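Structure, as C-alpha coordinates:
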Amino acid sequence: MSSSLTEISQDDSAWLETLLQKFFHDNSISRVVKLTKEDVGVKGDNYNSEIVRVTVEMILNSGRKSKKTLIMKRALGVSIPMPVFKLEATIYDKVVSELNALMNEFQDPNDSVLCEMFGYEPNTTLVLEDLKAKNFKVADRRKQMDMNHSLLVLNSLGRLHGMSHVLLKRGTIGANDLGADLVSPHNAYAPRILIGGFHQMGLVMEEFWPPEWKEAGQKFVKFSKVVMEKINDIMINYPKDTFLVMNHGDCWTCNMMFKYCPYDETIPIAVKFFDLPFSSINSYIIDVVHFVYMCTRHELRRQNLDILYRAYQKSLASTLEFYGMPGIAPTLEQVYAEAERVKILEMFFAGILVAVTTGDIPGFRIEKAFIPCEAKEVFYADVFKPEEFRKKIELDLKRWLKDGYLDC
(Lines of atoms letter the chains of each structure in order from A; the text may use other names.)
(Lines give C-alpha, C1' and ligand atoms only; values in the text may rest on other atoms or scores of the structure.)
Protein backbone atom coordinates (compact mmCIF):
# COMPACT_ATOMS: atom_id res chain seq x y z
CA MET A 1 0.00 0.00 0.00
CA SER A 2 1.50 3.34 -1.08
CA SER A 3 0.64 6.87 -0.01
CA SER A 4 1.34 10.31 -1.44
CA LEU A 5 1.80 13.65 0.27
CA THR A 6 -0.70 16.42 -0.42
CA GLU A 7 -1.04 19.87 1.10
CA ILE A 8 -3.73 20.38 3.72
CA SER A 9 -6.37 23.10 3.41
CA GLN A 10 -5.59 26.71 4.24
CA ASP A 11 -8.06 26.66 7.15
CA ASP A 12 -6.47 23.52 8.68
CA SER A 13 -3.01 24.97 8.14
CA ALA A 14 -3.86 28.17 10.00
CA TRP A 15 -5.54 26.23 12.83
CA LEU A 16 -2.56 23.87 13.28
CA GLU A 17 -0.12 26.77 13.24
CA THR A 18 -2.08 28.49 16.02
CA LEU A 19 -2.33 25.25 17.99
CA LEU A 20 1.43 24.61 17.78
CA GLN A 21 2.31 28.18 18.68
CA LYS A 22 0.09 27.98 21.76
CA PHE A 23 1.53 24.59 22.76
CA PHE A 24 5.16 25.71 22.59
CA HIS A 25 4.37 29.07 24.21
CA ASP A 26 2.50 27.46 27.11
CA ASN A 27 5.32 24.98 27.71
CA SER A 28 8.17 27.50 27.59
CA ILE A 29 9.66 29.12 30.68
CA SER A 30 8.13 32.28 32.11
CA ARG A 31 10.57 32.53 35.02
CA VAL A 32 12.97 30.43 37.10
CA VAL A 33 12.00 30.19 40.77
CA LYS A 34 14.84 28.19 42.32
CA LEU A 35 18.06 26.38 41.42
CA THR A 36 19.76 23.69 43.51
CA LYS A 37 22.71 21.40 42.78
CA GLU A 38 24.23 18.09 43.87
CA ASP A 39 27.55 16.46 43.11
CA VAL A 40 26.91 13.27 41.13
CA GLY A 41 30.43 12.33 40.06
CA VAL A 42 31.76 8.93 41.12
CA LYS A 43 35.46 8.66 41.91
CA GLY A 44 37.28 6.89 39.10
CA ASP A 45 34.53 7.35 36.53
CA ASN A 46 35.74 10.67 35.09
CA TYR A 47 39.34 11.76 34.95
CA ASN A 48 39.28 15.41 33.87
CA SER A 49 36.01 16.96 35.05
CA GLU A 50 33.49 17.21 37.86
CA ILE A 51 29.82 16.49 37.27
CA VAL A 52 27.00 18.39 39.01
CA ARG A 53 23.24 17.90 38.64
CA VAL A 54 21.24 21.15 38.75
CA THR A 55 17.52 21.09 39.53
CA VAL A 56 15.61 24.00 38.03
CA GLU A 57 12.20 24.90 39.48
CA MET A 58 10.24 27.15 37.11
CA ILE A 59 6.91 28.66 36.17
CA LEU A 60 5.76 28.02 32.60
CA ASN A 61 3.83 30.52 30.48
CA SER A 62 0.75 28.38 31.09
CA GLY A 63 1.06 29.17 34.80
CA ARG A 64 2.01 25.60 35.73
CA LYS A 65 4.96 24.80 37.97
CA SER A 66 7.60 22.53 36.50
CA LYS A 67 10.97 20.98 37.37
CA LYS A 68 13.83 20.07 35.09
CA THR A 69 17.27 18.69 35.84
CA LEU A 70 20.43 19.50 33.91
CA ILE A 71 24.01 18.27 34.07
CA MET A 72 26.86 20.75 34.47
CA LYS A 73 30.27 19.41 33.49
CA ARG A 74 33.14 21.53 34.77
CA ALA A 75 36.89 21.34 34.33
CA LEU A 76 38.69 20.05 37.39
CA GLY A 77 40.68 22.57 39.38
CA VAL A 78 44.08 21.26 38.30
CA SER A 79 46.78 23.31 36.64
CA ILE A 80 46.55 21.71 33.22
CA PRO A 81 45.28 23.19 29.96
CA MET A 82 41.69 22.24 29.19
CA PRO A 83 41.01 23.36 25.57
CA VAL A 84 39.03 20.14 25.29
CA PHE A 85 36.04 21.90 26.85
CA LYS A 86 35.98 24.53 24.10
CA LEU A 87 36.39 21.81 21.47
CA GLU A 88 33.67 19.63 22.98
CA ALA A 89 31.28 22.59 23.03
CA THR A 90 32.00 23.22 19.35
CA ILE A 91 31.35 19.56 18.52
CA TYR A 92 28.01 19.61 20.34
CA ASP A 93 27.11 22.98 18.85
CA LYS A 94 27.83 22.13 15.23
CA VAL A 95 28.40 18.44 14.61
CA VAL A 96 25.69 17.04 16.87
CA SER A 97 23.18 19.57 15.58
CA GLU A 98 24.03 18.56 11.99
CA LEU A 99 23.55 14.89 12.87
CA ASN A 100 20.15 15.71 14.37
CA ALA A 101 19.22 17.74 11.28
CA LEU A 102 20.16 14.77 9.08
CA MET A 103 17.91 12.48 11.13
CA ASN A 104 15.06 14.96 10.76
CA GLU A 105 15.64 15.29 7.01
CA PHE A 106 15.30 11.53 6.52
CA GLN A 107 12.67 11.15 9.27
CA ASP A 108 14.81 8.57 11.03
CA PRO A 109 12.46 6.94 13.58
CA ASN A 110 15.33 6.03 15.90
CA ASP A 111 16.49 8.16 18.81
CA SER A 112 19.74 10.07 18.59
CA VAL A 113 22.68 8.17 20.06
CA LEU A 114 24.29 11.35 21.39
CA CYS A 115 23.53 13.39 24.49
CA GLU A 116 22.21 16.93 23.85
CA MET A 117 23.89 20.17 24.97
CA PHE A 118 21.96 23.24 26.20
CA GLY A 119 24.89 25.63 26.25
CA TYR A 120 28.41 26.26 27.48
CA GLU A 121 30.90 28.66 29.00
CA PRO A 122 34.15 28.53 26.96
CA ASN A 123 36.93 26.39 28.47
CA THR A 124 35.17 25.73 31.77
CA THR A 125 31.57 24.47 31.69
CA LEU A 126 29.13 22.48 29.56
CA VAL A 127 25.40 22.23 30.32
CA LEU A 128 23.98 18.93 29.08
CA GLU A 129 20.71 17.02 29.21
CA ASP A 130 20.28 14.86 32.29
CA LEU A 131 20.07 11.33 30.95
CA LYS A 132 19.31 9.92 34.39
CA ALA A 133 16.02 11.85 34.33
CA LYS A 134 15.16 9.81 31.23
CA ASN A 135 15.99 6.57 33.06
CA PHE A 136 19.47 6.06 31.62
CA LYS A 137 22.18 4.56 33.82
CA VAL A 138 25.95 4.11 33.66
CA ALA A 139 27.10 0.49 33.59
CA ASP A 140 29.60 -0.77 36.17
CA ARG A 141 33.03 -0.07 34.67
CA ARG A 142 34.66 -2.71 36.90
CA LYS A 143 32.57 -5.57 35.53
CA GLN A 144 32.92 -4.68 31.83
CA MET A 145 30.01 -5.47 29.50
CA ASP A 146 28.07 -8.58 28.55
CA MET A 147 26.99 -9.41 25.00
CA ASN A 148 23.65 -7.57 25.18
CA HIS A 149 25.35 -4.32 26.13
CA SER A 150 28.19 -4.83 23.67
CA LEU A 151 25.93 -5.58 20.71
CA LEU A 152 23.77 -2.53 21.46
CA VAL A 153 26.82 -0.26 21.64
CA LEU A 154 28.24 -1.60 18.37
CA ASN A 155 24.85 -1.20 16.69
CA SER A 156 24.74 2.41 17.88
CA LEU A 157 28.33 3.06 16.80
CA GLY A 158 27.38 1.77 13.36
CA ARG A 159 24.57 4.33 13.24
CA LEU A 160 26.77 7.19 14.44
CA HIS A 161 29.55 6.29 12.02
CA GLY A 162 27.17 5.86 9.10
CA MET A 163 25.44 9.21 9.63
CA SER A 164 28.73 11.03 10.10
CA HIS A 165 30.08 9.53 6.86
CA VAL A 166 27.07 10.98 5.02
CA LEU A 167 27.84 14.43 6.46
CA LEU A 168 31.51 14.08 5.53
CA LYS A 169 30.61 13.20 1.95
CA ARG A 170 28.28 16.21 1.79
CA GLY A 171 31.00 18.47 3.13
CA THR A 172 28.73 19.50 6.01
CA ILE A 173 31.37 18.57 8.60
CA GLY A 174 35.11 18.14 8.31
CA ALA A 175 38.27 17.50 10.28
CA ASN A 176 38.42 21.13 11.40
CA ASP A 177 35.13 20.68 13.26
CA LEU A 178 36.53 17.89 15.42
CA GLY A 179 39.65 17.18 17.44
CA ALA A 180 42.14 14.39 17.98
CA ASP A 181 41.43 10.89 19.24
CA LEU A 182 42.56 9.88 22.71
CA VAL A 183 45.52 7.98 21.21
CA SER A 184 46.28 10.30 18.28
CA PRO A 185 49.78 11.85 18.13
CA HIS A 186 47.93 15.14 17.60
CA ASN A 187 46.55 14.82 21.12
CA ALA A 188 48.87 16.64 23.52
CA TYR A 189 49.04 13.88 26.10
CA ALA A 190 48.74 10.79 23.90
CA PRO A 191 52.53 10.22 23.82
CA ARG A 192 52.65 10.25 27.63
CA ILE A 193 49.86 7.75 28.13
CA LEU A 194 51.08 5.43 25.38
CA ILE A 195 54.79 5.48 26.17
CA GLY A 196 54.14 5.60 29.90
CA GLY A 197 51.59 2.79 29.77
CA PHE A 198 53.81 0.29 27.95
CA HIS A 199 56.84 1.29 30.04
CA GLN A 200 55.19 1.06 33.45
CA MET A 201 53.37 -2.16 32.55
CA GLY A 202 56.66 -3.73 31.46
CA LEU A 203 58.48 -2.73 34.63
CA VAL A 204 55.72 -4.23 36.80
CA MET A 205 55.75 -7.45 34.77
CA GLU A 206 59.51 -7.75 35.24
CA GLU A 207 59.53 -7.12 38.98
CA PHE A 208 56.16 -8.21 40.40
CA TRP A 209 54.65 -10.84 38.09
CA PRO A 210 55.68 -14.52 38.17
CA PRO A 211 59.19 -15.12 36.73
CA GLU A 212 57.91 -16.52 33.43
CA TRP A 213 56.66 -13.02 32.51
CA LYS A 214 60.00 -11.24 32.99
CA GLU A 215 61.07 -11.50 29.35
CA ALA A 216 57.67 -10.28 28.20
CA GLY A 217 58.00 -7.31 30.55
CA GLN A 218 61.34 -6.44 28.97
CA LYS A 219 59.64 -6.49 25.56
CA PHE A 220 56.97 -4.08 26.80
CA VAL A 221 59.63 -1.66 28.04
CA LYS A 222 61.51 -1.91 24.74
CA PHE A 223 58.31 -1.46 22.76
CA SER A 224 57.54 1.76 24.64
CA LYS A 225 60.43 3.38 22.76
CA VAL A 226 58.84 2.77 19.35
CA VAL A 227 55.13 2.80 20.17
CA MET A 228 54.57 6.37 18.92
CA GLU A 229 56.09 5.49 15.56
CA LYS A 230 53.61 2.60 15.31
CA ILE A 231 50.71 4.79 16.44
CA ASN A 232 51.66 7.47 13.93
CA ASP A 233 51.26 4.94 11.11
CA ILE A 234 47.86 3.87 12.45
CA MET A 235 46.32 7.24 13.29
CA ILE A 236 47.88 9.57 10.71
CA ASN A 237 49.47 7.63 7.85
CA TYR A 238 46.44 5.46 7.17
CA PRO A 239 45.73 4.19 3.61
CA LYS A 240 44.09 6.69 1.23
CA ASP A 241 41.07 4.44 0.74
CA THR A 242 40.33 4.20 4.49
CA PHE A 243 36.61 4.51 5.24
CA LEU A 244 36.44 7.66 7.36
CA VAL A 245 33.85 8.56 9.98
CA MET A 246 33.43 10.68 13.06
CA ASN A 247 34.82 8.57 15.89
CA HIS A 248 33.70 9.15 19.47
CA GLY A 249 37.40 8.96 20.33
CA ASP A 250 37.11 7.79 23.94
CA CYS A 251 34.52 5.06 23.65
CA TRP A 252 34.51 3.43 27.08
CA THR A 253 31.96 2.47 29.71
CA CYS A 254 31.71 5.76 31.61
CA ASN A 255 31.19 7.81 28.46
CA MET A 256 27.85 6.18 27.71
CA MET A 257 24.57 5.50 29.53
CA PHE A 258 21.96 2.78 29.03
CA LYS A 259 18.20 2.59 29.29
CA TYR A 260 16.83 -0.82 30.30
CA CYS A 261 13.86 -3.00 29.46
CA PRO A 262 10.96 -2.22 31.88
CA TYR A 263 10.30 -5.89 32.64
CA ASP A 264 13.94 -7.10 32.66
CA GLU A 265 16.53 -4.66 33.96
CA THR A 266 19.38 -6.81 32.64
CA ILE A 267 18.44 -6.06 29.02
CA PRO A 268 19.56 -2.67 27.65
CA ILE A 269 17.28 -1.16 25.00
CA ALA A 270 18.99 2.19 24.28
CA VAL A 271 22.38 3.82 24.71
CA LYS A 272 23.54 7.44 24.59
CA PHE A 273 27.14 8.57 24.11
CA PHE A 274 28.58 11.70 25.69
CA ASP A 275 31.97 13.21 26.60
CA LEU A 276 33.11 14.14 23.08
CA PRO A 277 36.37 16.14 23.38
CA PHE A 278 38.38 13.42 21.63
CA SER A 279 35.96 13.00 18.70
CA SER A 280 37.85 12.99 15.43
CA ILE A 281 37.77 12.01 11.78
CA ASN A 282 39.51 8.68 11.30
CA SER A 283 38.94 5.05 10.41
CA TYR A 284 35.75 3.55 11.81
CA ILE A 285 37.83 0.77 13.35
CA ILE A 286 39.35 3.02 16.03
CA ASP A 287 36.10 3.24 18.02
CA VAL A 288 35.28 -0.40 17.38
CA VAL A 289 38.61 -1.74 18.66
CA HIS A 290 38.64 0.74 21.55
CA PHE A 291 35.24 -0.44 22.76
CA VAL A 292 35.49 -4.17 22.05
CA TYR A 293 38.93 -4.65 23.58
CA MET A 294 38.47 -2.40 26.61
CA CYS A 295 34.79 -2.65 27.52
CA THR A 296 33.51 -6.07 26.48
CA ARG A 297 34.41 -8.76 28.97
CA HIS A 298 37.62 -10.34 27.79
CA GLU A 299 36.37 -13.92 27.73
CA LEU A 300 33.21 -12.93 25.84
CA ARG A 301 35.20 -10.92 23.30
CA ARG A 302 37.54 -13.85 22.65
CA GLN A 303 34.60 -16.23 22.14
CA ASN A 304 32.36 -13.89 20.14
CA LEU A 305 34.59 -11.52 18.18
CA ASP A 306 32.98 -12.51 14.88
CA ILE A 307 29.48 -11.88 16.25
CA LEU A 308 30.56 -8.46 17.55
CA TYR A 309 32.18 -7.39 14.28
CA ARG A 310 29.20 -8.67 12.27
CA ALA A 311 26.79 -6.65 14.41
CA TYR A 312 28.78 -3.47 13.82
CA GLN A 313 29.17 -4.04 10.07
CA LYS A 314 25.47 -4.81 9.62
CA SER A 315 24.47 -1.63 11.46
CA LEU A 316 26.91 0.51 9.49
CA ALA A 317 25.72 -0.89 6.16
CA SER A 318 22.00 -0.56 6.96
CA THR A 319 22.47 3.01 8.22
CA LEU A 320 24.27 4.06 5.05
CA GLU A 321 21.55 2.42 2.95
CA PHE A 322 18.82 4.22 4.92
CA TYR A 323 20.56 7.54 4.29
CA GLY A 324 20.89 6.97 0.57
CA MET A 325 24.38 5.49 0.31
CA PRO A 326 23.89 1.75 -0.25
CA GLY A 327 26.74 -0.62 -1.05
CA ILE A 328 29.63 1.49 0.22
CA ALA A 329 30.08 0.14 3.75
CA PRO A 330 33.21 -1.92 4.45
CA THR A 331 32.57 -5.65 4.22
CA LEU A 332 33.11 -7.95 7.18
CA GLU A 333 36.38 -9.08 5.59
CA GLN A 334 37.48 -5.44 5.36
CA VAL A 335 36.54 -4.90 9.00
CA TYR A 336 38.86 -7.76 9.99
CA ALA A 337 41.64 -6.44 7.75
CA GLU A 338 41.34 -2.97 9.24
CA ALA A 339 41.41 -4.41 12.77
CA GLU A 340 44.61 -6.23 11.83
CA ARG A 341 46.13 -2.94 10.62
CA VAL A 342 45.54 -1.30 14.01
CA LYS A 343 46.31 -4.36 16.13
CA ILE A 344 48.77 -2.43 18.32
CA LEU A 345 45.72 -0.69 19.81
CA GLU A 346 44.45 -4.04 21.09
CA MET A 347 47.38 -4.20 23.50
CA PHE A 348 46.92 -0.68 24.74
CA PHE A 349 43.18 -0.93 25.34
CA ALA A 350 42.92 -4.55 26.52
CA GLY A 351 46.30 -4.89 28.21
CA ILE A 352 47.03 -1.46 29.71
CA LEU A 353 44.09 0.95 29.93
CA VAL A 354 41.75 -1.79 31.11
CA ALA A 355 43.81 -2.01 34.30
CA VAL A 356 42.86 1.60 35.01
CA THR A 357 39.25 1.51 33.85
CA THR A 358 38.28 -1.65 35.74
CA GLY A 359 40.48 -1.23 38.80
CA ASP A 360 39.54 -0.33 42.36
CA ILE A 361 42.71 1.70 42.99
CA PRO A 362 43.90 4.94 41.39
CA GLY A 363 45.69 4.15 38.15
CA PHE A 364 46.18 7.37 36.25
CA ARG A 365 47.75 10.75 37.07
CA ILE A 366 46.22 13.07 34.47
CA GLU A 367 48.26 16.07 35.64
CA LYS A 368 51.49 14.18 34.86
CA ALA A 369 50.49 13.98 31.21
CA PHE A 370 51.03 17.73 30.83
CA ILE A 371 54.21 18.41 32.78
CA PRO A 372 57.88 17.44 32.32
CA CYS A 373 58.39 14.02 33.91
CA GLU A 374 59.16 10.44 32.97
CA ALA A 375 56.26 9.09 30.93
CA LYS A 376 55.93 6.04 33.18
CA GLU A 377 54.89 8.36 36.04
CA VAL A 378 51.53 8.96 34.30
CA PHE A 379 50.48 5.51 35.56
CA TYR A 380 50.61 4.20 39.12
CA ALA A 381 52.60 0.96 39.14
CA ASP A 382 50.18 -0.64 41.61
CA VAL A 383 47.35 -0.70 39.06
CA PHE A 384 49.19 -3.39 37.05
CA LYS A 385 50.06 -5.61 40.02
CA PRO A 386 46.77 -7.38 40.98
CA GLU A 387 46.64 -11.07 40.17
CA GLU A 388 43.07 -10.66 38.97
CA PHE A 389 44.24 -8.24 36.28
CA ARG A 390 47.07 -10.53 35.19
CA LYS A 391 44.77 -13.53 34.86
CA LYS A 392 42.24 -11.46 32.90
CA ILE A 393 44.73 -10.66 30.13
CA GLU A 394 47.08 -13.68 30.18
CA LEU A 395 45.54 -15.36 27.13
CA ASP A 396 45.73 -12.13 25.14
CA LEU A 397 49.32 -11.51 26.24
CA LYS A 398 50.37 -14.97 25.07
CA ARG A 399 48.75 -14.37 21.68
CA TRP A 400 50.34 -10.94 21.27
CA LEU A 401 53.75 -12.37 22.08
CA LYS A 402 53.31 -15.42 19.83
CA ASP A 403 52.08 -13.29 16.89
CA GLY A 404 54.90 -10.76 17.20
CA TYR A 405 52.86 -7.73 18.27
CA LEU A 406 55.78 -6.51 20.40
CA ASP A 407 58.48 -7.03 17.80
CA CYS A 408 60.41 -3.81 17.28
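Last residue of the sequence shown: 408 in UniProt numbering, with the numbers rising by one and none dropped.
Where a beta carbon is used, it is the ideal one built from N, C-alpha and C, also for glycine.
Everything numeric in this text was worked out from a predicted model, so none of it was measured.
Neighbourhood of residue i by C-beta distance below 7 Å, restricted to the same chain and skipping five residues each side
i           : result
residue 199 : 221, 224, 375, 376
residue 72  : 52, 54, 125, 127
residue 459 : This structure does not reach residue 459, given that the chain is present from 1 up to 408, and the question cannot be answered.
residue 195 : 224, 227, 228, 375
residue 383 : 355, 356, 359, 361, 363
residue 113 : 156, 159, 160, 271, 272, 273
Inter-residue spacing [alpha-carbon to alpha-carbon] between residue i and residue j
i           : j           : result
residue 251 : residue 132 : 19 Å
residue 329 : residue 158 : 10 Å
residue 168 : residue 33  : 43 Å
residue 129 : residue 213 : 47 Å
residue 397 : residue 301 : 14 Å
residue 39  : residue 337 : 44 Å
residue 319 : residue 162 : 6 Å
residue 192 : residue 304 : 32 Å
residue 218 : residue 137 : 41 Å
residue 332 : residue 152 : 18 Å
residue 367 : residue 373 : 10 Å
residue 392 : residue 135 : 32 Å
residue 389 : residue 230 : 25 Å
residue 386 : residue 197 : 16 Å
residue 6   : residue 18  : 20 Å
residue 370 : residue 64  : 50 Å
residue 96  : residue 173 : 10 Å
Cβ shell of residue i (< 6 Å), same chain only, five flanking positions each side left out
i           : result
residue 81  : With a pLDDT of 46 at residue 81, under the threshold of 50, the modelled position of this residue cannot be trusted, and the question is left open.
residue 407 : none
residue 182 : 249, 250, 278
residue 68  : 56
residue 354 : 294
residue 142 : 358
residue 240 : none
residue 116 : 129
residue 61  : 25, 26, 28, 30
residue 92  : 117
residue 94  : 177
residue 36  : 55
Under 8 Å between C-beta atoms of residue i and residue j
i           : j           : result
residue 349 : residue 290 : yes
residue 156 : residue 99  : no
residue 49  : residue 180 : no
residue 286 : residue 226 : no
residue 243 : residue 284 : yes
residue 160 : residue 311 : no
residue 58  : residue 296 : no
residue 216 : residue 401 : yes
residue 101 : residue 85  : no
residue 201 : residue 352 : yes
Buried or exposed by the 16-neighbour rule on C-beta atoms within 10 Å, applied to residue i
i           : result
residue 399 : exposed
residue 346 : buried
residue 9   : exposed
residue 23  : exposed
residue 261 : exposed
residue 88  : buried
residue 15  : exposed
residue 339 : buried
residue 186 : exposed
residue 263 : exposed
Residue i beta carbon near the ligand MG (any heavy atom closer than 7 Å)
i          : result
residue 23 : You won't find the ligand MG in this model; it holds no ligand whatsoever.
Residues of its chain near residue i, where Cβ-Cβ distance is below 8 Å and the 5 sequence neighbours each way are ignored
i           : result
residue 267 : 148, 260, 261
Cβ of residue i within 8 Å of any chain D Cβ
i           : result
residue 120 : Protein chains in the displayed structure number just one, and chain D is not present.
I want to know whether the region 308-326 touches the region 98-111 - three or more CB-CB distances under 8 Å. Yes: at least three Cβ pairs fall under 8 Å.
Do the region 303-323 and the region 355-367 touch if we need at least three Cβ pairs shorter than 8 Å? With a cut-off of 8 Å, the region 355-367 and the region 303-323 do not count as touching, because too few Cβ pairs lie within range.
Assess contact between the region 236-248 and the region 262-279, defined as three or more Cβ pairs (one per stretch) separated by less than 8 Å. Is contact present? Contact between the region 236-248 and the region 262-279 is present: three or more C-beta pairs spanning the two stretches fall below 8 Å.
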